[in-house]
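Colleague:
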Amino acid sequence: MYASLFQSVLFPLYETHLRKRDTLRALAELEQSQWRTPEEVAEDSFRRLLEALHHAEKHVPFYRRRFAEYGVRASQVKAPADLAAFPILTKEDVRLSSKELVAESHVGTLHQGATGGSTGVPVRFMYDHPTYERRVAAALRADGWAGAVMGEKELHVWGRPPGEKKGFDTTKRAVHEAIWRRRYISTFHLRADRLADTVREIVDYAPRVVIGYTTPLFLLARAALEHGITIPPPRGIITSAEKLFEAQREVIERAFGAPVFDRYGCREMMLIGAECERHEGLHVHAEGVFVELCSDGRPVPVGTPGEVLLTDLYNRAMPLLRYRNEDVAVAKAGACACGRGLPRLASVEGRVLDLLIGEDSRIVAGEMIPFLFKDLPVERYQVHQRADRTVTLRIVPGPSYGPEVTKLVDERLRLVLGANAPLTVELVRDIPLTAAGKHRVTVSDVPVDLGSVTIEKANEDKPAARVAAPKPRTRVAHVVLGLRAGGLERVVLDLVQGIDRARFDPMVIALDEPGELAPQLATMDVPLRLLLKRGQGFDPSVIGELSDLFGREGIDLVHTHNPRPHVHGALAALAARRVTGKRPRVVHTKHGRNYPDDLGRVIANRMASALSDRIVAVSDDARRVALEIERGSARRLVTIRNGVDTRAYKPGDAPRARRVLDVPAGVLHVGCVARLSAEKDHATLITAFARVRTSHPGARLTLVGEGAERASLEALVKTFGLHGAVSFLGHRDDVAALLPGFDLFALASRTEGTSLTLLEAAAAGLPIVATRVGGNPEVVTDGETGLLVPAGQPAALADAIGSVWARPDRARMGAAGRALVEERYGMKKMLSAYETLYAEVLRLA
Numbered sequence: 005m006y007a008s009l010f011q012s013v014l015f016p017l018y019e020t021h022l023r024k025r026d027t028l029r030a031l032a033e034l035e036q037s038q039w040r041t042p043e044e045v046a047e048d049s050f051r052r053l054l055e056a057l058h059h060a061e062k063h064v065p066f067y068r069r070r071f072a073e074y075g076v077r078a079s080q081v082k083a084p085a086d087l088a089a090f091p092i093l094t095k096e097d098v099r100l101s102s103k104e105l106v107a108e109s110h111v112g113t114l115h116q117g118a119t120g121g122s123t124g125v126p127v128r129f130m131y132d133h134p135t136y137e138r139r140v141a142a143a144l145r146a147d148g149w150a151g152a153v154m155g156e157k158e159l160h161v162w163g164r165p166p167g168e169k170k171g172f173d174t175t176k177r178a179v180h181e182a183i184w185r186r187r188y189i190s191t192f193h194l195r196a197d198r199l200a201d202t203v204r205e206i207v208d209y210a211p212r213v214v215i216g217y218t219t220p221l222f223l224l225a226r227a228a229l230e231h232g233i234t235i236p237p238p239r240g241i242i243t244s245a246e247k248l249f250e251a252q253r254e255v256i257e258r259a260f261g262a263p264v265f266d267r268y269g270c271r272e273m274m275l276i277g278a279e280c281e282r283h284e285g286l287h288v289h290a291e292g293v294f295v296e297l298c299s300d301g302r303p304v305p306v307g308t309p310g311e312v313l314l315t316d317l318y319n320r321a322m323p324l325l326r327y328r329n330e331d332v333a334v335a336k337a338g339a340c341a342c343g344r345g346l347p348r349l350a351s352v353e354g355r356v357l358d359l360l361i362g363e364d365s366r367i368v369a370g371e372m373i374p375f376l377f378k379d380l381p382v383e384r385y386q387v388h389q390r391a392d393r394t395v396t397l398r399i400v401p402g403p404s405y406g407p408e409v410t411k412l413v414d415e416r417l418r419l420v421l422g423a424n425a426p427l428t429v430e431l432v433r434d435i436p437l438t439a440a441g442k443h444r445v446t447v448s449d450v451p452v453d454l455g456s457v458t459i460e461k462a463n464e465d466k467p468a469a470r471v472a473a474p475k476p477r478t479r480v481a482h483v484v485l486g487l488r489a490g491g492l493e494r495v496v497l498d499l500v501q502g503i504d505r506a507r508f509d510p511m512v513i514a515l516d517e518p519g520e521l522a523p524q525l526a527t528m529d530v531p532l533r534l535l536l537k538r539g540q541g542f543d544p545s546v547i548g549e550l551s552d553l554f555g556r557e558g559i560d561l562v563h564t565h566n567p568r569p570h571v572h573g574a575l576a577a578l579a580a581r582r583v584t585g586k587r588p589r590v591v592h593t594k595h596g597r598n599y600p601d602d603l604g605r606v607i608a609n610r611m612a613s614a615l616s617d618r619i620v621a622v623s624d625d626a627r628r629v630a631l632e633i634e635r636g637s638a639r640r641l642v643t644i645r646n647g648v649d650t651r652a653y654k655p656g657d658a659p660r661a662r663r664v665l666d667v668p669a670g671v672l673h674v675g676c677v678a679r680l681s682a683e684k685d686h687a688t689l690i691t692a693f694a695r696v697r698t699s700h701p702g703a704r705l706t707l708v709g710e711g712a713e714r715a716s717l718e719a720l721v722k723t724f725g726l727h728g729a730v731s732f733l734g735h736r737d738d739v740a741a742l743l744p745g746f747d748l749f750a751l752a753s754r755t756e757g758t759s760l761t762l763l764e765a766a767a768a769g770l771p772i773v774a775t776r777v778g779g780n781p782e783v784v785t786d787g788e789t790g791l792l793v794p795a796g797q798p799a800a801l802a803d804a805i806g807s808v809w810a811r812p813d814r815a816r817m818g819a820a821g822r823a824l825v826e827e828r829y830g831m832k833k834m835l836s837a838y839e840t841l842y843a844e845v846l847r848l849a
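If you count by the numbering used here, then the sequence shown holds residues 5 to 849, one letter each, in order.
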């Protein structure tokens with residue numbers, strides 16, 4: 005309840021209305037952009053890169069000078085490979101030229117940040133508040149991949165400076181953490197002899213998500229296993245700040261009973277990459293960071309380690325272009341099975357920082373040391389702990405370094421290591437690099453076992469470590485009016501047939517009628533349950549029947565289609581909690597049929613959406629309706645475009661198809677596949693076709709589909725004297741074989757989501773004439789893959805049909821349409837996106 009209040013009221017009120025920040029809008033954009041194709045993501049990221057280059061060249065003195073020295077201009081960059089001619093920005097550049105790196109055009113407050121210098125070189129940088137807002141949004145998106153929900157309990161195992169004095173800032177932070185429901189365990193205070201006590205604190209808190217440094221989380225996990233402590237499983241564990249080894253992942257997952265989601269970032273850019281629920285590499289935050297993997301400034305092949313060069317695509321106040329953060333990473337080829345189009349890193353060979361052991365067996369993670377140095381005037385530093393636990397801190401002092409800094413460093417380290425720790429500070433001219441040319445910040449000769457996964461029992465009475473049992477399949481109930489011959493219904497069939505049946509166990513519940521497609525469920529081994537709802541409006545009795553059915557069938561997730569199933573299904577899922585003690589999660593897909601002028605339906609949709617965990621829009625238009633008219637939550641809204649099997653729907657044997665349809669060769673043949681219902685507006689199509697016949701007397705029109713409007717449409721054909729020129733085929737199961745017999749495809753709909761028949765026609769290589777409504781403009785690129793016309797205008801529709809027929813490049817238009825479908829509307833892409841969505845929603849349970 006609090007989480008919903010926080011997401012819907014408290015956070016928007018504070019962040020958007022009080023502070024006037026764009027964080028939530030940026031988050032909504034990121035939630036949408038992640039589902040673009042890899043090509044679209046790459047194109048958008050490169051466009052943003054060009055904007056950053058041109059801005060820097062025009063407004064930043066450092067880059068104007070440096071570009072001139074290298075003889076390069078932003079206008080020369082036509083492809084990512086062209087960046088090789090541009091200078092690399094080093095940490096030394098930022099340290100020495102920070103003022104010159106600030107844009108002359110910047111107006112307003114600048115925020116200062118600093119790295120601790122995990123490579124031993126502290127760096128200070130500036131950024132503006134819009135940059136901060138977008139970085140927060142990127143982190144929230146990645147948190148969501150790991151199951152985090154704003155307002156639910158989070159545990160952060162993170163660095164908190166020791167010896168902090170209480171004051172306004174600490175009080176403000178405490179209030180902030182209480183509102184966000186975040187609790188912190190400071191890694192500065194971890195002690196080897198008290199790890200089990202810390203684990204018990206975690207058990208008492210029972211967080212829904214855990215976020216922390218890798219090594220401390222590993223040590224806590226191992227302590228839990230060694231002491232037989234069972235931790236209430238969170239949804240996910242987010243590791244960061246250092247390299248995660250597989251042995252560590254295994255132990256953390258075993259102890260916490262939850263998947264680990266690794267993350268990669270740096271203070272200069274914040275989030276760079278994060279794992280999704282598929283754990284197939286780190287998705288790069290491509291909307292905000294342009295990542296190059298290079299050797300000597302030139303790109304390395306995919307799969308080959310390369311030094312990381314980063315360009316910040318947000319920060320216009322102090323742009324960092326081709327910034328070398330001194331990490332090495334490997335790119336991963338291909339698209340992720342999750343369906344996101346974001347590029348991936350296979351691995352990051354980041355810095356491995358040694359642990360230090362304090363005087364009372366306290367554990368100091370290597371990541372803590374840079375934290376202590378981030379605001380000090382030092383060039384380089386290194387902490388070395390010998391086997392006898394004596395510690396030497398070597399410092400290469402900066403220009404403003406003085407004795408007071410030595411004293412401050414000594415005090416800070418003793419707060420971490422212990423007041424009586426054997427510590428000496430040495431000022432040196434240089435610190436040698438490793439053989440690989442790296443600088444190690446912490447070096448420890450004290451043996452600490454981090455890689456072993458063998459857990460020794462303290463005694464025979466200790467409970468055995470938990471072994472995860474195989475997970476049962478998730479039971480998914482699709483709630484529909486019926487399975488009549490239509491695009492929505494066929495999407496449902498595609499989902500239950502194509503979804504991963506090893507993970508999901510689907511069934512279909514029909515409220516009105518089985519429908520002519522229902523027999524196909526038997527061939528898929530998918531059960532059908534009929535409730536046969538009475539009347540066309542709201543029926544309270546159905547809610548009780550549905551909730552009982554959800555309970556009896558053990559339904560974990562309810563997926564509704566159409567507004568009425570949405571209202572009844574969402575309320576029934578809420579009521580099911582009284583039957584089973586748990587509420588099935590709810591996903592609703594908006595397929596189309598928008599009624600913005602029907603206030604009753606709009607209010608009902610708003611109510612049902614508030615009770616749903618996710619709303620799926622099948623088109624940008626459906627997304628707009630959900631946000632602007634139904635006022636849905638952008639956080640809960642995702643776009644998943646309908647998919648089509650391009651192996652079945654493809655250019656085929658046109659002469660054979662025309663023989664089957666009894667249409668002679670050489671005459672204009674217009675086809676339409678759609679239910680004969682009012683919203684498809686076949687009357688306008690028939691009226692337009694009558695006009696076409698005046699200039700093309702032999703033209704034919706074939707209508708595939710059945711519906712309530714058939715009798716009136718047949719009468720209209722008779723009125724126009726088109727008997728023999730217009731064919732009504734009714735419902736057909738061989739549409740894929742018939743489409744090649746059409747010269748073009750026409751659709752006169754008054755409203756649409758993403759028309760499945762348009763996708764199938766485009767996949768078959770047909771040019772298309774369609775109305776400019778709903779998601780049609782997303783399927784038909786006007787002038788490229790077909791023509792778009794206003795709805796309800798027969799003259800415009802007739803002119804467009806004649807224009808397409810007269811074009812000599814009709815075949816090219818059709819080929820372009822098929823290419824678009826293959827790129828954006830593949831069946832595998834749709835199925836993968838729904839599987840990912842289901843997994844994400846189920847983690848909310």
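The beta carbon of each residue, even a glycine, is placed where N, CA and C say it ideally should be.
Return the CA-CA distance between Arg-416 and Leu-376, expressed in angstroms with no decimal places.
Modeller: Cα to Cα, Arg-416 sits roughly 7 Å from Leu-376.
Colleague: Check this for me: beta carbons of Gly-216 and Ile-242, under 9 Å apart or not?
Modeller: Closer than 9 Å, so yes.
Colleague: If you run the structure through DSSP and keep just helix, strand and coil, what is Ser-190?
Modeller: In this structure, Ser-190 counts as strand in the three-state DSSP scheme.
Colleague: Which residues in the same chain as Thr-882 place their Cβ atom closer than 6 Å to its Cβ, once the five residues preceding and following it in sequence are excluded?
Modeller: This structure cannot settle anything about residue 882, because the visible part of the chain is limited to 5 through 849.
Colleague: Select from Asp-617, Arg-271, Asp-747 and Ser-365 the residue whose C-alpha is nearest the C-alpha of Gln-11.
Modeller: Among Asp-617, Arg-271, Asp-747 and Ser-365, the Cα nearest to that of Gln-11 is on Asp-617.
Colleague: Pull the bridge partners of Thr-218 from the DSSP assignment, please.
Modeller: Its beta-bridge partners do not exist; DSSP assigns none.
Colleague: Assess, as a yes-or-no matter, whether the stretch 12 to 20 is touched by the stretch 38 to 53 under the definition of 3 or more beta carbon pairs within less than 8 Å.
Modeller: With the cut-off at 8 Å, the stretch 38 to 53 and the stretch 12 to 20 do not touch.
Colleague: Tell me whether Ala-141 counts as near the ligand MG, meaning its Cβ is closer than 8 Å to at least one heavy atom of that ligand.
Modeller: Only the bare structure without any ligand can be found here, which leaves the ligand MG out of the picture.
Colleague: Taking 6 Å as the limit between beta carbons, can you name the residues of its chain near Pro-309, skipping five residues before and five after?
Modeller: Excluding positions up to five away in sequence, the list reads Val-332 and Val-334.
Colleague: Whole angstroms is fine: what's the gap from Phe-693's alpha carbon to Leu-705's?
Modeller: Their Cα atoms are separated by approximately 7 Å.
Colleague: Put Trp-149 into one of helix, strand or coil per three-state DSSP.
Modeller: Trp-149 falls in the helix class under three-state DSSP.
Colleague: Kindly provide the ranges of any beta strand (DSSP E) runs that are 3 or more residues long and lie completely inside the stretch 34 to 62, ordered along the chain.
Modeller: As far as the stretch 34 to 62 is concerned, it has no whole beta strand (DSSP E) run of at least 3 residues.
Colleague: Can you list, in chain order, the residues of its chain with a C-beta nearer than 7 Å to that of Ala-262? Leave out the 5 residues immediately preceding and following it.
Modeller: Answer for Ala-262: Pro-237, Pro-238, Arg-239, Gly-240 and Ile-241, listed in chain order.
Colleague: Give a yes or no on whether the C-beta atoms belonging to Thr-191 and Ala-227 are separated by under 9 Å.
Modeller: No.
Colleague: Helix, strand or coil for Ala-440 per DSSP?
Modeller: The pLDDT assigned to Ala-440 is 40, lower than 50, so where the model puts this residue is not dependable, and the model offers no usable value.
Colleague: Which residue spans inside the stretch 223 to 287 form an unbroken alpha helix (DSSP H) run of at least 4?
Modeller: Listed in chain order, they are 250 to 260.
Colleague: Of all the options Tyr-653, Thr-755, Pro-476 and Gly-734, which has the alpha carbon lying nearest to the alpha carbon of Lys-594?
Modeller: Selected option, being the one with the closest Cα: Thr-755.
Colleague: Report the rounded CA-to-CA distance for Lys-722 versus Asp-498, giving the unit in angstroms.
Modeller: Taking the straight line joining both Cα atoms gives about 37 Å.
Colleague: Taking the DSSP output, what are the residues bridged to His-115?
Modeller: BP columns for His-115 point to Tyr-131.
Colleague: Should the stretch 793 to 803 be regarded as contacting the stretch 705 to 716, the criterion being three or more beta carbon pairs within less than 8 Å?
Modeller: The stretch 793 to 803 is not in contact with the stretch 705 to 716.
Colleague: Can you name, in chain order, every residue of its own chain whose Cβ lies under 8 Å from the Cβ of Ser-8, other than the five neighbours on each side?
Modeller: Same-chain partners within the cutoff: Gly-155.
Colleague: In the DSSP output, what is Thr-94 paired with across the bridge?
Modeller: Its beta-bridge partners do not exist; DSSP assigns none.
Colleague: How many Å lie between Leu-454 and Glu-284 at the Cα?
Modeller: Bear in mind that a pLDDT of 40 at Leu-454, under 50, signals an unreliable position, so the model cannot answer this.
Colleague: Looking only at its chain, what residues have a beta carbon closer than 8 Å to the beta carbon of Leu-841, apart from the 5 residues adjacent to it on each side?
Modeller: Around Leu-841: Val-591, Arg-618, Val-620, Val-642 and Ile-644.
Colleague: How many angstroms separate the CA atom of Arg-828 from the CA atom of Pro-510?
Modeller: Going by the C-alpha atoms only, they are around 26 Å apart.
Colleague: Please work out which residues of its chain come closer than 6 Å, Cβ to Cβ, to Ala-141, disregarding the five sequence neighbours upstream and downstream, and give them in chain order.
Modeller: Excluding sequence neighbours, Ala-141 sits near Thr-27, Ala-30, Leu-31 and Leu-34.
Colleague: In the DSSP output, what is Pro-510 paired with across the bridge?
Modeller: Per DSSP, Val-480.
Colleague: Alpha carbon to alpha carbon, how far is Val-571 from Ile-189?
Modeller: Distance between the alpha carbons of Val-571 and Ile-189: 43 Å.
Colleague: Considering only their Cβ atoms, is the gap separating Arg-479 from Leu-561 smaller than 9 Å?
Modeller: The answer is yes: Cβ separation under 9 Å.
Colleague: Taking the DSSP output, what are the residues bridged to Tyr-385?
Modeller: Note: Tyr-385 sits in a beta bridge opposite Ile-399.
Colleague: Just to confirm before moving on: does the CB-CB distance between Ala-107 and Pro-323 stay below 9 Å?
Modeller: Result yes, Cβ atoms of Ala-107 and Pro-323 sit closer than 9 Å.
Colleague: Hey, could you find the ends of the beta strand (DSSP E) His-565 is sitting in?
Modeller: Per DSSP, His-565 belongs to the beta strand (DSSP E) from 561 to 565.
Colleague: Tell me whether Val-179 is buried or exposed, calling it buried when 16 or more other Cβ atoms sit within 10 Å of its Cβ.
Modeller: Exposed: under 16 other Cβ atoms inside 10 Å.
Colleague: From what residue to what residue does the beta strand (DSSP E) around Ile-805 run?
Modeller: Premise fails: Ile-805 lies in the alpha helix (DSSP H), 798 to 810, not in any beta strand (DSSP E).
Colleague: Looking at the structure shown, is Ser-448 part of a helix, part of a strand, or coil, going by DSSP?
Modeller: Strand at Ser-448.
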